[in-house]
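K.L.:
Number of protein chains: 2
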Amino acid sequence: MTRTGTVPDQGRLAQLLKEAGSPLDPAGVGQLAAGVLAAPPEIGTSWHRLVAEPTPPALAAALEEVRAYLAEDYRDGLSAEDFARLPRPARLALLREELARQGLDGFIVPRADEHQGEYVPAGGQRLAWLTGFTGSAGAAVVLADRAAVFVDGRYTLQAAAQVDAALFEIRHLIEEPPAKWLAGAVKKGTVVGYDPWLHTPQEVERLQAGVERAGASLKAVEANPVDRVWPGRPAAPLAPVLPHPDEFTGDSAADKRGRLGRALAEDGAAAAVLTMPESIAWLLNIRGGDVPHTPLPLSFAILRDDGSVTLFIDRRKLVPGLDRHLGNEVAIEPPDRLGPALDALAQSGKRVQVDPATAASWVFDRLGRAGGRIHRAADPCLLPKACKNRVELDGTRAAHRRDGAAVTRFLAWLAREAPQGGLCEIAASDRLEAFRREGEHFRDLSFPTISGAGSNGAIVHYRATPETEKRLEPGTLYLLDSGAQYLDGTTDITRTVAIGLPTPEMRDRFTRVLKGHIAIATARFPKGTTGTQLDAFARRALWQEGLDYDHGTGHGVGSYLSVHEGPQRISKAPNMQPLLPGMIVSNEPGYYKTGAYGIRIENLVAVQPERAGASAQNEREMLCFETLTLAPIDRALVECDLLEDAELAWLDAYHTRVLETIGPLLDRDSATWLEQATAPLGR
Amino acid sequence: MTRTGTVPDQGRLAQLLKEAGSPLDPAGVGQLAAGVLAAPPEIGTSWHRLVAEPTPPALAAALEEVRAYLAEDYRDGLSAEDFARLPRPARLALLREELARQGLDGFIVPRADEHQGEYVPAGGQRLAWLTGFTGSAGAAVVLADRAAVFVDGRYTLQAAAQVDAALFEIRHLIEEPPAKWLAGAVKKGTVVGYDPWLHTPQEVERLQAGVERAGASLKAVEANPVDRVWPGRPAAPLAPVLPHPDEFTGDSAADKRGRLGRALAEDGAAAAVLTMPESIAWLLNIRGGDVPHTPLPLSFAILRDDGSVTLFIDRRKLVPGLDRHLGNEVAIEPPDRLGPALDALAQSGKRVQVDPATAASWVFDRLGRAGGRIHRAADPCLLPKACKNRVELDGTRAAHRRDGAAVTRFLAWLAREAPQGGLCEIAASDRLEAFRREGEHFRDLSFPTISGAGSNGAIVHYRATPETEKRLEPGTLYLLDSGAQYLDGTTDITRTVAIGLPTPEMRDRFTRVLKGHIAIATARFPKGTTGTQLDAFARRALWQEGLDYDHGTGHGVGSYLSVHEGPQRISKAPNMQPLLPGMIVSNEPGYYKTGAYGIRIENLVAVQPERAGASAQNEREMLCFETLTLAPIDRALVECDLLEDAELAWLDAYHTRVLETIGPLLDRDSATWLEQATAPLGR
């Protein structure tokens, strides 16, 4: 392939770097750029400050020249073109050869990386590289003569489309998980390898039980064999790590570290190992950009009982001045120093806290080998991060006003545009993104938009592509689930809009979903109540008609962090975490008719104490929800006869609030549209 | 103490026994009578058939003479008089001496017996004997220099009243369980004994972890030291074991044994050890009477994969002909043959299924020592027993009609009697029991009646005693929770009745409880839904006012078996058991105002598939509840303005059904009263 870009002038680059006072030479810039290419494209030119700050324009231009040059060669190995160049059977064969070389009879390839996160950087997408399967959950197991891919119900069709069934049996992840399949597939004496960085100890224990049932054994590898046969495997992403100001966090990192350190001490632990970048970002009040849509700085950390922290991170990611922001009590070490640090902790003889649900087995193994005493307990940042403080709540309210204005402007635009015909899913979601980008503090979308017209709306995890997208046709519904990252808050909203005239059935279903949404929005519950206890409120109106939806009712949301944040959830699955004041959770019941339409009505809500005096009888400490999301709900889809008086009153009051709060932020045409869209329905 | 009864004439007794063809001699009769005295008094004269059948009148009289004579000496060691004769400090001292003799530094005394049942026969009430505490859950731990009693929130006041705080520290069973207390109370090298018959393996593992944290150890004893110092400890109860006819069970024991045996085989087990008398009674279609209010034959059994069973039971309990009813595939062995039978099972090398949640640790130890392979799984009878078949459902409907008639007659009587003043709790519950006794197939109450007038109604586990009972005063509420055992079904019902004029607050609270009750009664839910998911429906109307109740919403119910039966429950606590067709469960929300009044509205409901065509949209397999209980709900307490139209309609329809079904079964006065009590409230 002939290069089209200019070969960068190394000599001139070296000169520019020296003049700008950069610590890097051209080779260093090349290495940095490799990490930049591995980061999401939203990184833009923000990486320049990692080279020199300020960045003179000539240097900036030279840096982008380097990047463009390297980009031409950049292959993450995951694209269709890459699979043409190195087809699936060859990848499997290469891996099998490597396994044989290493004396392994098999190997497990999970979807996860070492952080067990929702998004995995390119270089960690080993399952996708090996099998072609790109779903957000799954695994593969490769033996000498058999191989299988494991997916749950959400991805059966996707796996059938992406995975070569001649190479991999396709199995159901829940009904026949790898441990179970292995128990039947291996023979006595088989040695199955796994990468201890990519599995939690709970998973390893299950896999162990599985193979041992057949007289085989599990072996931890030191270097992942997939990495050894993946040509040009992308480098670790290097997106800038910035301070997240107290004006958004409402709580200094020093205070957080001190509080959590003291809590560790009370629990009898001298330190905690943090493996989740969300936790590290929250604790140190920093944000990164190493994965799509979530401002995470991939890293590890050790928090000690005196509040000091060692942060294991690639220094090149840190913007100038971040050291100072982190302060004296935070030491910065390269990632490969985590092992020796764990050895030192272990040898101190003190108890070290690690989370068996999320931390890599490697951490437990390392501590154990060095004689450490491990205290298995949840990541100490999890709960404090979930309970937003006053500043975070004020911030998310502000972000939601901005986001509501963007969504409302989009809905007004959609009302004008859609009837003309010709509007497709991607153009629509692009327009919404454009409106959002105009908002102050906007940084990124919080997840890939779900823009489903007509029958595409019935596919719960639909992503519009040029091949699949439909036009927004009259007489159909359009489901749009989207959200944004603002510096002051993370949003997530779903609106379902009638294009043209909806059928009576659509109105009936929409109104039942709305009743479920209102039941959650107006719920009052005693402190101690979990999301599991509330879930059925959202389903009741559907259940009365023998209908239901096959997803949870609500997930937690972070503050300029993950749009899917634990530990709380509202779903059928048993969840022991009580809903506490400050927690933000989504309220998103739905209804899906395959091949026809999808309905979902989602707002974010914040858990609040019941206002004193609101209910004179309060014998119990009661909590309720404050609805954060502000955007009109499609009146055309509401069947008023199905609503109780109180439900109708809620809808009108909500719309009044939307008009009063969002109206002033809009251009005149959108404001006029909003007045109609929020006109009272009430009797 | 001078005897008042006649000394039975042994010679005459021997003659009568011989003439009647009894296998027993006078000494045998004496031993049998000791077991009869240890059984609940409801046994009446039914035990005579265990001596000879038919029982000639002269022999019957002689048997009762023997019984009366032995009764004078019968001391279960648990009465106030017994505690006067052998006071608490002496009992504790005796036990400590015995422990020292056995080389033990401590001993654990749980409330449970070897069957982990809700009711414990007198001889198994070691906790009560030692400490005086008679609550239905708890434990004690005795060390050389300290001792503690552990109770949960229900029993704090009761423990304070019954237990000598100078002898026993009182601790909270959940917050500081024995394992945790022991971890802090014992020293390195302490040996704490426990009786492996009285703890599940899960409990033993927790206790072990607790003592080992302090460097101490747990030791299983062969003979319980409490038994060795308990003078005159009652014998095992010997109540007659009868066949339970197929006309009530709807399923022959042979079929049940065959089905469950095949299921064991499919699970790869050769046998299952059954330790719960409910399971054994259900499986073999037999009933006993060894404990109060539940017709259980205390016993153990082994079920094999070919459907054959060995029943380990005291033969003397079996009525003549029971052998024949059990059939050739059921072998009868004395209880002390269980050990050798387990040894044989273990040595067969096949897998033996035992339930770690309910079986005694002793069983696991015995199988383990003999090299057995144990498969830990739930008792195989649990789920089939919970899902009643058509005959059992028809039977419980018939029992509920009978029970409804008795309750209605009582309510009619109460309406006449209470206004006259002077009516107290015990007289009222006695009157209700008298009405029930007139019903066909009545055998016993299903639990001790809760009869709470005024503020006594606010005590959730209240039992009326001559010292505590109140009069039913005008302007108060009367809460009555009662139930019966009929051969064709078990009932459990709570009605709350206004005596005189209720306050507006009482009506408000009652109506909110009623709304919760109706929400459960009218629930439709997809197959797979658990009770945990439905629980909040019963609380919502209370939560809207900041109110709640501190107990579960519903428990499972057996068929002429336990009134509290698993595995399903409706409560806040996570319960993984989906509600399945045929399950019977209570629907009993409530509200309690301490010092003022209590409200509870309880009906039993049966899970049914949604009638086909009931809801044309049924995309899911839906279930619903059929209300079994038929008795009027007090109209005087219903605040109609608080009810939705659909709720009012439900109440009127329910009352119509009560009138139509129960009316024809009543005397004229009661029927007239019922017409008024069920008059429509509807708008």
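Chains as they are written, first to last, in the working numbering: chain V, 15 to 697; chain L, 15 to 697. A virtual CB, placed ideally from N, CA and C, is assigned to each residue, including glycine.
Using 8 Å as the threshold, is the C-beta distance between L196 of chain V and V155 of chain V below it?
P.N.:
Contact flag set, yes.
K.L.:
What does DSSP give as the partner residue(s) for P309 of chain V in the beta ladder?
P.N.:
None; P309 of chain V has no bridge partner.
K.L.:
What whole-angstrom Cβ distance do V323 of chain V and L356 of chain V have, given they're in contact under 8 Å?
P.N.:
Contact doesn't hold; Cβ gap of about 15 Å is too wide.
K.L.:
My assumption, with CB atoms under 8 Å, is that L695 of chain L sits in contact with L651 of chain L. Please give the rounded CB distance.
P.N.:
Not a contact, Cβ separation roughly 11 Å.
K.L.:
Closest Cβ-Cβ distance between K201 of chain L and chain V: below 8 Å?
P.N.:
K201 of chain L does not count as touching chain V.
K.L.:
Which same chain residues, not among the five before or five after M15 of chain L, have their C-beta less than 6 Å away from its C-beta?
P.N.:
Any reading at M15 of chain L needs caution, since the residue's pLDDT is 46, under 50, leaving its predicted position unreliable; the model's value is listed next. Here the set comprises nothing.
K.L.:
Roughly how many angstroms separate the alpha carbons of G468 of chain L and I388 of chain L, rounded to a whole number?
P.N.:
Approximately 53 Å between the Cα atoms of the pair.
K.L.:
Is G42 of chain L helix, strand or coil by DSSP?
P.N.:
Helix.
K.L.:
Should P394 of chain V be labelled buried (16 or more other beta-carbon atoms within 10 Å of its own) or exposed?
P.N.:
Burial call: buried.
K.L.:
Have a look at H62 of chain V and H258 of chain V and give me their C-alpha separation to the nearest angstrom.
P.N.:
Roughly 19 Å between the two C-alpha positions.
K.L.:
Return no unless some Cβ of chain V is closer than 8 Å to the Cβ of A550 of chain L.
P.N.:
Closer than 8 Å to some Cβ of chain V, the Cβ of A550 of chain L qualifies, so yes.
K.L.:
Quick one: list the residues of chain V neighbouring P518 of chain L, beta-carbon separation under 9 Å, in chain order.
P.N.:
What P518 of chain L touches in chain V: nothing, since even the nearest Cβ is about 13 Å away.
K.L.:
Would R538 of chain L pass as an interface residue toward chain V - the criterion being a Cβ-Cβ separation below 8 Å?
P.N.:
So yes, R538 of chain L belongs to the interface.
K.L.:
Quick one: measure Cβ to Cβ for P595 of chain L and L637 of chain L, integer angstroms, because I've assumed they're closer than 8 Å.
P.N.:
That belief holds up - the Cβ atoms of P595 of chain L and L637 of chain L are roughly 7 Å apart, short of 8 Å.
K.L.:
Does M15 of chain V have its Cβ less than 8 Å from a Cβ in chain L?
P.N.:
Confidence in M15 of chain V is poor, its pLDDT being 46 and thus under 50, which makes the residue's placement unreliable; the coordinate value appears in the next sentence. Judged by the 8 Å Cβ criterion, M15 of chain V is not in contact with chain L.
K.L.:
So the beta strand (DSSP E) S93 of chain V belongs to, where does it begin and stop?
P.N.:
Premise fails: S93 of chain V is in no beta strand (DSSP E) and is neither H nor E.
K.L.:
Which full runs of the beta strand (DSSP E) of 3+ residues lie inside the stretch 134-203 of chain V, going along the chain?
P.N.:
You should have 153-157, 161-165, 183-186.
K.L.:
Can you tell which of V:S573, V:P603, V:M597, V:V577 has its C-alpha closest to the C-alpha of S585 of chain V?
P.N.:
For S585 of chain V, the nearest C-alpha among the options comes from V:P603.
K.L.:
For the structure I just gave you, are there three or more beta carbon pairs, one from the stretch 482-492 of chain L and one from the stretch 513-520 of chain L, closer than 8 Å?
P.N.:
Yes: the two stretches touch, three or more of their Cβ pairs being nearer than 8 Å.
K.L.:
Can you list, in chain order, the residues of its chain with a C-beta nearer than 6 Å to that of P369 of chain L? Leave out the 5 residues immediately preceding and following it.
P.N.:
Here the sequence assigns Asp to residue 369 of chain L, which means Pro is not the residue at that position. Around D369 of chain L: A392, D393.
K.L.:
Is there contact between the stretch 251-270 of chain L and the stretch 232-242 of chain L, where contact requires at least three CB pairs shorter than 8 Å?
P.N.:
No: fewer than three Cβ pairs fall under 8 Å.
K.L.:
Rounded to whole angstroms, what is the Cα-Cα separation between E658 of chain V and I507 of chain V?
P.N.:
About 25 Å.
K.L.:
Which residues bound the alpha helix (DSSP H) around Q547 of chain V?
P.N.:
Looking at the DSSP string, the run of the alpha helix (DSSP H) that includes Q547 of chain V is 545-548.
K.L.:
So Q547 of chain L contacts chain V; which residues on that side make the cut at Cβ distance below 9 Å?
P.N.:
Per Cβ cutoff of 9 Å: T546, Q547, D549, A550, R553, K586.
K.L.:
Helix, strand or coil for Y88 of chain V, going by three-state DSSP, please let me know.
P.N.:
It is coil, neither helix nor strand.
K.L.:
Could you tell me which residues DSSP pairs with T692 of chain L in its beta bridges?
P.N.:
Paired residue(s): none; T692 of chain L is not in a bridge.
K.L.:
On the CB-based measure, 16 or more other CB atoms within 10 Å of its CB, does H569 of chain L come out buried or exposed?
P.N.:
Buried is the call here.
K.L.:
Out of L:Q434, L:P581, L:F262, state which residue places its alpha-carbon closest to the alpha-carbon of V599 of chain L.
P.N.:
Answer by Cα proximity: L:P581.
K.L.:
May I ask you to report which of helix, strand or coil DSSP gives D23 of chain L?
P.N.:
Residue state, collapsed to three classes: coil.
K.L.:
Go ahead and label G91 of chain L buried or exposed: buried means 16 or more other beta carbons lie within 10 angstroms of its beta carbon, across all protein chains shown.
P.N.:
By the neighbour-count rule (16 or more Cβ atoms within 10 Å), G91 of chain L is buried.
K.L.:
Look up E616 of chain V in the DSSP assignment and give the residues it is bridged to.
P.N.:
According to DSSP, which records beta bridges pairwise, E616 of chain V is partnered with V:T508.
K.L.:
Please confirm whether D444 of chain V has its beta-carbon closer than 8 Å to some beta-carbon of chain L.
P.N.:
No - not a single Cβ of chain L is within 8 Å of the one on D444 of chain V.
K.L.:
On the premise that Y611 of chain V lies in contact with A441 of chain V, defined as a C-beta separation below 8 Å, what is that separation, rounded to the nearest angstrom?
P.N.:
Wrong, their Cβ atoms sit about 20 Å apart, outside the cutoff.
K.L.:
Where do the N-terminal and C-terminal ends of the beta strand (DSSP E) with L637 of chain L fall, by residue?
P.N.:
Where L637 of chain L is concerned, the enclosing beta strand (DSSP E) stretches over 636-641.
K.L.:
Measuring straight from C-alpha to C-alpha, what distance separates Q690 of chain V and A663 of chain V?
P.N.:
Answer to the nearest angstrom: the Cα atoms are 17 Å apart.
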